[in-house]
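What follows is a set of notes on a single structure, which appears directly below.
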Ligand code: GLV
Ligand code: MG
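Numbering (the numbering used here), first residue to last: 9 to 365.
Rendered as structure tokens:
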């Protein structure tokens, strides 16, 4: 338990006051890059205008020999880049690694004002968040950081899933959670060898045809991640945090990637990771509410007037609950339209509509 009143107070003298509400900004794609790679660094200014979130990765996928170069590259990029209205996030090394302490000390004291969110991998329980929370406050004070840095947890161990509710409610810094299907599969001893997505062996099959036992029996592949995603979405929605699908490793399968992202979108997630430039557009398309649905939602809101009672629109009953769903759709479309002019046009919002987003 933490004293809820302490949520509004800094954990170290001189640290900025925590924000109580999660600042909701579009984060349809969290695009990972390797900050040790000088070629990538030159692409950053161009990428910033095309992305909601640019994430400098220090953890898995960065070779041990490159960990320090990645940290130094990240500090240089952070200091030299104007991120405009895009967000800059960092994935630090895991809390049991030999690199994480210096990751936090150096990035927060040398580039803390440029970092919106720190992504913490392999979070297992509230104790991990409490440790990062306290250390960040000390480092923010030391580095004279003005805006509190938020924390994003990756849900990628069996123990983390068992503790997801306490993780998400451990600190006001919690911005959200991503599902990490690759490490989670390993932690759970799942018999897969992939990074996210489905598996052809995880299926249900139609009953046998009593008239013809040899008739083919159609099967349907099931979603391996449904249970975890639903728990994560509930924990996040219950506490005002945001939920994300993580990585889809088969870059050569844009259709499978789009399906996995769309399942997450429909279930309540606001974004996913992009590991390759090809996945940026997929995430942008999937996590921007479809324009026809937004038009429909605006019509429902308008015809429902003060939101009470029921109306029939095209044979479909509308009431308090549907109008609330429609508001979620329109609010997220407005937020996106404010930073993505193509979608602003597709949604048909006027300048006045966008002004109140
Ligand atoms: C992400 O980090 C994952 O393990 O899926
Ligand atoms: Mg992982």
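We treat Cβ as the ideally placed atom computed from N, Cα and C, and that holds for glycine. These numbers come from a predicted model, not from an experiment.
### Message
I'd like to confirm the pairing. Which residues does DSSP put opposite residue 280 in its beta bridges?
### Response
The residue given as residue 280 occupies position 272 in the chain shown. Beta-bridge partners of residue 280 (DSSP): 37 and 253.
#### Entry: Three-state secondary structure assigned by DSSP to residue 1
Because the chain spans 9 through 365 in this model, residue 1 falls outside it and cannot be assessed.
### Query
Nearest to residue 163 by CA position, among 157, 194, 148 and 142, is which residue?
For the purposes of this step, residue 163 is taken as residue 155 along the chain shown, with counting starting at 1. Selected option, being the one with the closest Cα: 194.
### Query
What is the DSSP secondary structure of residue 97, reduced to helix, strand or coil?
Here residue 97 refers to the residue found at position 89 of the chain shown. Assigned with DSSP and collapsed to three states, residue 97 falls in strand.
### Message
Taking the straight line between their C-alpha atoms, what separation do you get for residue 66 and residue 120?
### Response
By one-based count along the chain shown, residue 66 stands at place 58. By one-based count along the chain shown, residue 120 stands at place 112. If I take the Cα positions, the gap works out to 16 Å.
### Distance, residue 100 Cα to residue 125 Cα
Position 117 of the chain shown, counted from the start, is the residue given in the question as residue 125. Position 92 of the chain shown, counted from the start, is the residue given in the question as residue 100. Each residue's Cα considered, the two are about 11 Å apart.
### Query
Looking at residue 68 and the ligand GLV, is the gap between the Cβ and the nearest heavy atom below 7 Å?
Translated into positions along the chain shown, residue 68 becomes position 60. True, at least one ligand heavy atom lies under 7 Å from that Cβ.
#### Entry: 3-residue-minimum beta strand (DSSP E) runs that sit fully inside the region 269-342, ordered along the chain
279-282, 319-321 and 324-326, all fully within the region 269-342.
### Task
Could you tell me whether the Cβ atoms of residue 274 and residue 236 are closer together than 8 Å?
For the purposes of this step, residue 274 is identified with residue 266 of the chain shown, where counting begins at 1. For the purposes of this step, residue 236 is identified with residue 228 of the chain shown, where counting begins at 1. 8 Å or more divides the Cβ of residue 274 from the Cβ of residue 236.
### Task
Just tell me which of 28, 31, 70 and 96 has its CA closest to the CA of residue 52.
Counting from 1 along the chain shown, the entry for residue 52 is found at position 44. Distance from the Cα of residue 52 is smallest, within the candidate group 28, 31, 70 and 96, for 96.
### Query
Between the C-alpha atoms of residue 257 and residue 191, what's the straight-line distance to the nearest angstrom?
Here residue 257 refers to the residue found at position 249 of the chain shown. Here residue 191 refers to the residue found at position 183 of the chain shown. Cα to Cα, the separation comes out at about 12 Å.
### Message
Can you find the residues in the same chain that come closer than 6 Å, C-beta to C-beta, to residue 153, ignoring five residues on each side of it along the sequence?
### Response
Residue numbering aside, residue 153 sits at position 145 when the chain shown is read from its first letter. Contacts found: 120 and 121.
### Task
Name all residues in chain order for which at least one heavy atom of the ligand SAM lies closer than 7 Å to the residue's CB.
As presented, the structure is devoid of the ligand SAM, carrying the ligand GLV and the ligand MG as its sole ligands.
#### Entry: residue 128 classed as buried or exposed, judged by whether at least 16 other C-beta atoms fall within 10 angstroms
Here residue 128 refers to the residue found at position 120 when the chain shown is read from its first residue. With 16 or more Cβ atoms within 10 Å of its Cβ, residue 128 is classed as buried.
### Query
Which of the three DSSP states, helix, strand or coil, is assigned to residue 230?
For this step, residue 230 is matched to residue 222 along the chain shown. Residue 230 sits in coil when the DSSP states are folded into three classes, being neither helix nor strand.
### Task
Could you name the residues that DSSP lists as bridge partners for residue 366?
The requested residue 366 does not occur in the structure, where the chain is confined to residues 9 to 365.
### Query
Where are the beta strand (DSSP E) runs, 3 residues long or more, that stay fully inside the region 47-81, in chain order?
Entirely contained in the region 47-81, the beta strand (DSSP E) runs reaching 3 residues are, in chain order, 61-65.
### Query
Contact check, residue 206 vs residue 232 under 8 Å by CB: the rounded distance?
For the purposes of this step, residue 206 is taken as residue 198 along the chain shown, with counting starting at 1. For the purposes of this step, residue 232 is taken as residue 224 along the chain shown, with counting starting at 1. Right, their Cβ atoms sit about 6 Å apart.
### Task
Pull up the DSSP beta-bridge partners for residue 126, would you.
Numbered from its first residue, the chain shown carries residue 126 at position 118. In the DSSP assignment, the residues bridged to residue 126 are 98 and 159.
### Query
Considering only the beta carbon of each residue, do residue 306 and residue 338 sit closer than 8 Å?
On the chain shown, residue 306 is found 298 positions in, with the first residue counted as 1. On the chain shown, residue 338 is found 330 positions in, with the first residue counted as 1. Yes, Cβ-Cβ distance for residue 306 and residue 338 is below 8 Å.
### Query
When DSSP labels each residue in this structure, what does residue 197 get in the three-state scheme?
Here residue 197 corresponds to residue number 189 of the chain shown, with the count starting at 1. In the displayed model, residue 197 falls within coil according to three-state DSSP, outside both helix and strand.
#### Entry: Whether residue 175 touches residue 145 by CB criterion (8 Å)
By 1-based counting over the chain shown, the position of residue 175 is 167. By 1-based counting over the chain shown, the position of residue 145 is 137. With respect to the 8 Å criterion, residue 175 and residue 145 are not classified as neighbours on the basis of their beta carbons.
### Message
Excluding the 5 residues flanking residue 331 on each side, which residues of the same chain have their C-beta closer than 7 Å to its C-beta?
### Response
One-based indexing of the chain shown puts residue 331 at position 323. Correct list, in chain order: 308, 309, 312 and 315.
#### Entry: CB-CB length for residue 297 against residue 341, believed under 8 Å
By 1-based counting over the chain shown, the position of residue 297 is 289. By 1-based counting over the chain shown, the position of residue 341 is 333. Contact annotation, residue 297 with residue 341: C-beta distance approximately 5 Å; criterion of less than 8 Å satisfied.
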